[in-house]
Structure formats: C-alpha cells, structure tokens
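Presented below is the structure to which this report refers.
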Amino acid sequence: MTKKISIKSLYKIFGKDPKRLWNMFKMDWKRPVLEKHNHVLGLSDINLDIEDKSIQVVMGLSGSGNLL
C-alpha cells in the first residue's frame, strides 16, 4: 500500500489555551505547568504513517474519536 499521509512529532494539548501552554511546554516545563493551568497532554511526539484505504482514529478526552 502507498503512504498517503505522514505525521511526524505531533503533540496535542487539551485545555482552554493550548497555544500559550505549548510555548511553556516546549521550554521543557512539561507536566507540572500543564496541570497547574488545567491542561492535559493528549498526544506526545506521535509519528504516524497512514496508508491508502486505511482508517486511523485519534481519541479525545471525552472518548469521542476524530477520523483521520
């Protein structure tokens, strides 16, 4: 099968202001900062190749999935 989508080093932060927390996260403050600001790291440094005619799912906090 052929690779249709390639994802490298993907991060997902759940919370009210993930962009602001991402900058702190990148400075290696990590989990304590996220917890202090009520954010959760959902995906951490994910690498994923999606082949033609395949289905992949990323689950959210509530358990509802997002199809890729």
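Residue numbers (this note's numbering): 156 to 223.
We put the CB at the ideal spot given by N, CA and C, even for glycine.
Beta-carbon spacing of residue i, residue j below 9 Å
i    : j    : result
I129 : S164 : There is simply no residue 129 to check, as the chain begins at 156 and stops at 223 in what is shown.
D207 : K174 : no
Neighbourhood of residue i by C-beta, 8 Å cutoff - its chain only, sequence neighbours within 5 removed
i    : result
N193 : G170 and K171
Y166 : W177, F180, L196, L198, S199, D200 and I201
T157 : E206 and D207
Other residues of its chain near residue i: CB distance less than 6 Å, five sequence neighbours each side excluded
i    : result
V195 : F169
S209 : none
L203 : I162
Counterpart residues of residue i in DSSP-defined beta bridges
i    : result
M179 : None, per the DSSP bridge assignment.
S130 : An answer regarding residue 130 cannot be provided, because it is not within the stretch 156 to 223 covered by the chain.
K167 : L198
Cut-off 7 Å between Cβ atoms - residues of its own chain near residue i, not counting five sequence neighbours on either side
i    : result
E111 : The question about residue 111 has no answer, for the chain in this structure spans 156 to 223.
**Report entry** Segments assigned alpha helix (DSSP H), at least 4 residues, entirely inside the segment 184-209
**Finding:** Within the segment 184-209, the complete alpha helix (DSSP H) runs of at least 4 residues are 185-191.
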